[in-house]
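Chain order of the listed sequences is A and B.
Just so you know, we're using numbering that gives the first Met the number 0 here: the first sequence kicks off at 0 and counts up by one.
Just so you know, we're using numbering that gives the first Met the number 0 here: the second sequence kicks off at 0 and counts up by one.
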Amino acid sequence: MIELKDIEKTYEGPDGDVVALKGINLTIESGEIYGIIGLSGAGKSTLIRCINMLERPTKGSVIIDGEDMTSLDAKALRDARKNIGMIFQHFNLLSSATVYDNVAFPLRLSNTPESEIKERVEPLLELVNLKDKAHQYPSQLSGGQKQRVGIARALASNPKILLSDEATSALDPQTTKAILSLILDINKKLGITVVVITHEMQVIKDICDKVAVIENGVISEKGRVLDVFTNPQQAITKEFISAIMPNELPREFSGKTISKEPVPGAELLVNITFIGDTADEPVISNLIKDFPIDVSILYGNIDHIKDTPFGRLLIGMTGDISAIGDALAYLRSKNLRIEVIGYAS
Amino acid sequence: MPADLMDLIIKALGETIRMVVCSMIAATVIGIPLGVLLVTTAKHGITECLPINRILASIVNALRSVPFIILMVAIIPLTRAIVGTSIGTTAAMVPLTLASIPFIGRQVETSLKEVPYGIVEAALAMGATPLQIIRHVYLPEAMPSIVAQLTTVVIALVGESAMAGAIGGGGLGDLAIRYGYQRFRPEVMIATIIVLIVLVQLIQFAGNKLSKHLNKK
Ligand SMILES: Nc1ncnc2c1ncn2[C@@H]1O[C@H](COP(=O)(O)OP(=O)(O)O)[C@@H](O)[C@H]1O
Ligand SMILES: [Mg+2]
């Protein structure tokens, strides 16, 4: 478990101090993938670097499995760091060492015997699918392959925690997907705690269990990814989400007035969100059968938040105002998230 | 070419090579750690220590601002104390070494600064000690650049050794001055110049080859 308590970080700059973190409190449970999202300059890197003390917090404590990282001496800190792997946006591989030697590097630092190193490095190269590249140099690899080396290297010392600072930000979308699924795979197989920094909501949606949104050095919103996605509170969170899940009305509604109050003859637009396998009751079918209204489906899609199916349906209901009211009450009584957009006319 | 000239040149070349190689080895042994310290003790370095950094930087600057010919004369007492005499090839190695140490220090510093800090940071994140970072990150990552820089130092040493030769150090410089200039034998002068050109070309060629071979970027 990683506990960040009242973390503050001030950088002394040439033109005055920069307050990068202002009172961060965060608890990351063992085995989960925790995402931290924010715009550039929000303080994400500073935050993740405080976890392994690459950046020393100005105030506050970082407690990993009960041990306060801020109180360790140099030697104890080096030992503690061996339990924390880290991957970087620009990979930071040794250009003068082969893939094999890069992965072996953390083990050599601990004076591990070569035979043991071999036993450890080979399965890791297999895990990241780079066995055939063992004797190549990083310059001969693609970005995705370099990051795989980075991941294998980060795992070499068998860490309990993996820190990822924008590990996919330099990669194309397809490679990003592959690297993310590798991280997810590693998290499942090894039960390693993963802290992921990103500026892309897609990364959070694909692999994270929990998310914290950071803005100007402050966490503005945090929680389970499903909750944050289905019920975002802050404007910045909504913006991040709408970047990957556009929530606009179909074009034919652009000229219409949308009223929150019932308007006779208007079409009530409702967004229905299904989470997980809530589809055990034929809700739409019942809606049409049991209420004297017409229902039209305007938009629908199914997506996943990590492993959880996540469906969205935009429907329009027309008919008698009271019948529409009853239908809406019926929808609300189900285990669905209902968002009433308004009466379009 | 007369046989005596051939013998003279071979002997002088041997002396020059001995001066350059020995001085280079001695200067590298001290200059590389100096360059490393200049980087690691600097602000945000892995063993940041600004007082040491400032002292080292001032010594380097002071030594580098003295022209070689003056340094050589100025340290004659030191040379005598170390090798017992102030003339001859062995004596010439003292000023040659002393002049090359700060040169190498600065060159190595420049090379190490080119190593992306991210790699150093990755090593820190793995729990590497400062010594491990120097050994496993800074030096191997900078090696192609260090070799290229040291090649320049060797070439500079060939030139300086000729100067040292001119005041009694032996070697090609001595030959050119004594025979070519003082005894009016222009063919000696020309032969010496050709040998020097070839020597410098060979050094540059070998340095380039080695640097390229080491560079995996
Ligand atoms: N070493 C540093 N010295 C001074 N200011 C810094 C330093 N590192 C980061 N900052 C500042 O701290 C703030 C947060 O930076 P950072 O954590 O890198 O943000 P992010 O990773 O979210 O883009 C920025 O305003 C940045 O300019
Ligand atoms: Mg960053």
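Glycine residues also receive a C-beta, built at the ideal position from the N, C-alpha and C atoms.
Any C-beta of chain B under 7 Å from that of residue i
i, result
"L108 (chain A)", "yes"
"N101 (chain A)", "no"
"H89 (chain A)", "yes"
"S138 (chain A)", "yes"
"P105 (chain A)", "yes"
"M85 (chain A)", "yes"
"R346 (chain A)", "Outside the shown range of chain A (0 to 344) lies residue 346 (chain A), about which nothing can therefore be said."
"K187 (chain A)", "no"
"N355 (chain A)", "The structure shown has nothing for residue 355 (chain A), since chain A only spans 0 to 344."
"S95 (chain A)", "yes"
"K145 (chain A)", "no"
"R80 (chain A)", "yes"
"R119 (chain A)", "no"
"R77 (chain A)", "yes"
Residues near residue i in its chain [Cβ-Cβ closer than 6 Å; skip 5 each side]
i, result
"K221 (chain A)", "A211"
"C48 (chain B)", "T40"
"D205 (chain A)", "L179"
"P94 (chain B)", "L70, M71, I74"
"F102 (chain B)", "V152"
"T84 (chain B)", "A90"
"A147 (chain B)", "S210"
"N101 (chain A)", "L92, L93, V148, R152"
Test: residue i CB closer than 7 Å to a CB of chain A
i, result
"I100 (chain B)", "no"
"K216 (chain B)", "yes"
"E225 (chain B)", "As shown, chain B starts at 0 and ends at 216. That puts residue 225 (chain B) outside it, with no answer to give."
"M218 (chain B)", "Not covered by the structure: residue 218 (chain B). The range shown for chain B is 0 to 216."
"I54 (chain B)", "no"
"A41 (chain B)", "no"
"F148 (chain B)", "One detail in the question is off: residue 148 (chain B) reads as Gln in this sequence, not Phe. Cβ-Cβ to chain A under 7 Å: no for Q148 (chain B)."
"I118 (chain B)", "yes"
"Q131 (chain B)", "yes"
"A26 (chain B)", "no"
"A205 (chain B)", "no"
"A121 (chain B)", "yes"
Straight-line gap, residue i to residue j (C-alpha atoms, nearest Å)
i, j, result
"M68 (chain A)", "F104 (chain A)", "24 Å"
"S344 (chain A)", "S258 (chain A)", "8 Å"
"G42 (chain A)", "L20 (chain A)", "6 Å"
"Q201 (chain A)", "E247 (chain A)", "18 Å"
"V227 (chain A)", "T236 (chain A)", "8 Å"
"L124 (chain A)", "A133 (chain A)", "7 Å"
"F90 (chain A)", "S253 (chain A)", "46 Å"
"S284 (chain A)", "N300 (chain A)", "18 Å"
"G164 (chain B)", "F67 (chain B)", "12 Å"
"L71 (chain A)", "L126 (chain A)", "33 Å"
"R336 (chain A)", "I213 (chain A)", "26 Å"
"L106 (chain A)", "Y99 (chain A)", "11 Å"
"L149 (chain B)", "Q106 (chain B)", "7 Å"
"G264 (chain A)", "S44 (chain A)", "54 Å"
"A169 (chain A)", "I185 (chain A)", "21 Å"
"P245 (chain A)", "Y33 (chain A)", "24 Å"
"V195 (chain A)", "S141 (chain A)", "22 Å"
"A26 (chain B)", "A127 (chain B)", "28 Å"
Per-residue burial, residue i [other beta carbons within 10 Å of its own, 16 or more giving buried]
i, result
"H135 (chain B)", "buried"
"D319 (chain A)", "exposed"
"A73 (chain A)", "exposed"
"S64 (chain B)", "exposed"
"P217 (chain B)", "Nothing in the structure corresponds to residue 217 (chain B), since chain B is present only between 0 and 216."
"T256 (chain A)", "exposed"
"K208 (chain B)", "exposed"
"L130 (chain B)", "exposed"
"T26 (chain A)", "exposed"
"Q181 (chain B)", "exposed"
"M125 (chain B)", "buried"
"L201 (chain B)", "exposed"
Chain E within 7 Å of residue i, Cβ atoms only
i, result
"A161 (chain B)", "Absence of chain E from the displayed structure is noted, the protein chains being A and B."
Contacts around residue i, its chain only, beta-carbon distance under 7 Å, and the 5 residues preceding and following it disregarded
i, result
"A326 (chain A)", "L286, F290, I292, M316"
"L77 (chain B)", "V93"
"K159 (chain A)", "N82, I191, T192"
"E199 (chain A)", "none"
- prompt: Considering only residues of the stretch 57-135 of chain A, which uninterrupted beta strand (DSSP E) runs meet the minimum length of 3 residues and lie entirely inside it, listed in chain order?
  reply: The qualifying runs are 58-63, 83-87.
field: Every unbroken alpha helix (DSSP H) inside the stretch 221-293 of chain A [4 residues or more]
entry: Runs found: 224-229, 234-243, 282-289.
query: Which whole runs of the alpha helix (DSSP H) in the stretch 157-228 of chain A are 4 residues long or more, in chain order?
result: You should have 172-189, 200-206.
field: beta strand (DSSP E) segments (min. 3 residues) lying fully within the stretch 90-152 of chain B
entry: Note on the stretch 90-152 of chain B: there is no whole beta strand (DSSP E) run with a minimum of 3 residues.
query: Which full runs of the beta strand (DSSP E) of 3+ residues lie inside the stretch 303-330 of chain A, going along the chain?
result: List check, beta strand (DSSP E) in window: 307-318.
task: Just list the alpha helix (DSSP H) runs in the stretch 51-76 of chain B, keeping only unbroken ones of 4 residues or longer that don't cross its boundaries, in chain order.
output: As far as the stretch 51-76 of chain B is concerned, its whole alpha helix (DSSP H) runs of at least 4 residues are 67-73.
field: Uninterrupted alpha helix (DSSP H) stretches inside the stretch 21-51 of chain A (no shorter than 4 residues)
entry: Listed in chain order, the complete alpha helix (DSSP H) runs (minimum 4 residues) inside the stretch 21-51 of chain A are 43-50.
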